[in-house]
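Heads up: the sequence shown begins at 492 in my numbering, then just goes up one per residue. Scroll down for the structure; my scribbles are underneath it.
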Amino acid sequence: MNRLYLLAFLVCIATEIYAQNSVEKDIAAIEDDVIEWRRDFHQYPELSNREFKTSEKIAKHLNKLGLEVTTGVAKTGVIGILKGKKPGKVIALRADIDALPVTERNDLPFKSEVTTTFLGEETGVMHACGHDTHTAILMGVAEVLSKNNDFAGTVKFIFQPAEEGPPPGEEGGAKLMIKEGVLENPKVDAIFGLHINSSTPVGTIRYKPGGTMAAVERFVIDVKGKQTHGSAPWSGVDPVLISAKIIDGLQTIISREAPLVDEAAVITVGKITSGVRFNIIPESAQMTGTVRTLDPQMRELILNRMKEMVPTIAKAYGGEATIEIENFTAITYNDEELVAQMLPSLEKVAGKEQVELVKATTGGEDFSFFQEKVPGFYFFLGGMPKNSKEPAPHHTPDFYIDESGMLLGVKAFTQIVYDYLGQ
């Protein structure tokens with residue numbers, strides 16, 4: 492019995508080593524394809540809810556791999572389902588596929604020359620946030636796992652449109668995908684996402700448990716006063732003055748009421764519109780801006796205080812004001828238990844010293860809506876060349892990603908699947 496047990500144990504070990512070598516070999520072999528796919532997506536980008544050719548290419552690839560493929564999810568999204576050799580949990584991997592209305596300034600041979608009309612203005616179209624790399628990485632993971640599906644469970648590949656937000660008047664993005672049942676049939680147990688980063692060195696992975704990216708709100712404040720001559724302000728009610736007082740008051744919510752020792756929070760007024768002439772006190776003013784929060788309780792406090800403060804300040808100066816707040820993303824909240832469980836997987840592929848714990852950012856990500864429904868883990872992948880000193884920020888014409896960093900994304904997702912589902 493001891494000899495038979497030992498023999499079975501050795502066979503099991505040998506099989507596992509063989510399987511691991513096979514996966515590593517397939518990952519190494521896929522790099523050129525991943526880069527080629529990324530360059531194609533980069534050269535021919537498409538805006539949110541208009542990713543028609545992009546989704547066709549994704550679906551064609553997944554069908555070729557033999558996955559169960561669904562198209563037209565949330566308008567242009569694509570879902571691929573890969574079943575392991577045994578039943579088990581369901582893990583979802585997500586990539587966003589849309590580009591931005593940005594005119595590219597790089598001199599890459601695959602530079603985007605695409606132009607379009609966005610909100611009535613002519614503009615270029617560019618993958619200025621790395622979604623082209625996310626899409627190519629997930630396609631690579633799908634190919635590797637389709638050849639090595641010796642796991643217990645199911646992998647759901649989610650290629651999501653409109654992460655940057657759908658056009659005005661349209662639904663889209665993660666919210667619409669959830670509404671259409673992307674986390675069901677089969678029901679997802681956990682979801683993972685990554686974002687390549689132009690200021691994170693290639694070979695590095697960064698993460699944070701808990702709130703890692705902010706909830707994003709857009710607000711519009713309409714102020715009503717009484718128009719009069721600029722030489723006689725006492726005969727009217729100045730909405731510009733009221734707007735200034737409201738802005739000042741909003742900032743006291745951050746500086747005097749929000750417990751910033753817990754998490755960061757931001758209120759920014761980005762635009763003020765009022766008046767037509769230098770010597771006329773106008774009748775009205777409008778302000779638009781954004782709120783960023785990383786803690787649910789702090790978010791509730793800030794939004795409630797804004798709703799209370801805006802009309803009260805206007806009334807104190809003889810005017811009226813209303814505020815409308817629209818939610819764009821929830822808090823990208825990494826489930827602490829899931830992070831602790833899967834952190835060794837990231838350290839396994841990148842090296843422990845290359846997996847860094849970081850502070851939260853006040854950027855937003857609609858991956859957060861998935862995390863409101865199921866446990867999720869969202870991490871950052873290095874895309875900055877190691878000798879770069881001033882990398883261009885995301886959403887800018889000079890944005891650049893070092894393609895050598897993408898293979899680590901394939902490795903990370905693949906390892907996460909094997910470790911979460913078990914071989």
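We put the CB at the ideal spot given by N, CA and C, even for glycine.
Check                                                                                                                : Outcome
Backbone secondary structure at residue 795 - three-state DSSP                                                       : helix
Same chain, Cβ closer than 7 Å to residue 755, five either side skipped, listed in chain order                       : 785, 851 and 853
Start-end ranges of the alpha helix (DSSP H) lying completely within the segment 827-907, minimum 4 residues         : 827-841 and 859-862
Among 825, 878, 866 and 649, nearest to residue 564 - alpha-carbon criterion                                         : 649
Classification of residue 866 by the beta-carbon crowding that lies within 10 angstroms, buried from 16 upward       : buried
Runs of beta strand (DSSP E) lying entirely within the segment 745-776, each at least 3 residues, in chain order     : 756-765
Cα-Cα separation between residue 614 and residue 592, rounded to whole angstroms                                     : 6 Å
Assigned secondary structure, residue 512 (DSSP; H/G/I helix, E/B strand, else coil)                                 : helix
Element boundaries [alpha helix (DSSP H), containing residue 704]                                                    : Residue 704 -> not in any alpha helix (DSSP H); beta strand (DSSP E) instead, spanning 701-704.
Proximal residues to residue 697 (C-beta, below 7 Å), its chain only, five neighbours per side dropped               : 691, 847, 849, 870 and 871
Contact belief for residue 778 with residue 760 at Cβ below 8 Å, rounded distance in angstroms                       : 5 Å
Run of the beta strand (DSSP E) containing residue 571, from where it starts to where it stops                       : 568-574
Residue 506 versus residue 838: straight-line alpha-carbon distance, rounded                                         : Bear in mind that the predicted position of residue 506 carries a pLDDT of just 45, short of 50, making it too unreliable to give a figure here.
Helix, strand or coil at residue 632 according to DSSP, with G and I counted as helix                                : helix
Buried/exposed call for residue 816, threshold 16 Cβ in 10 Å                                                         : exposed
Inter-residue spacing [alpha-carbon to alpha-carbon] between residue 742 and residue 550                             : 48 Å
Own chain partners of residue 552 with C-beta closer than 6 Å, once the 5 adjacent residues on each side are dropped : 630
Local conformation of residue 602 per DSSP, three classes                                                            : coil
Span separating the alpha-carbon of residue 739 from that of residue 763                                             : 14 Å
Burial state of residue 600, where buried means 16 or more other Cβ atoms lie within 10 Å                            : exposed
Residue closest to residue 780, alpha-carbon to alpha-carbon, out of 713, 808, 667 and 721                           : 713
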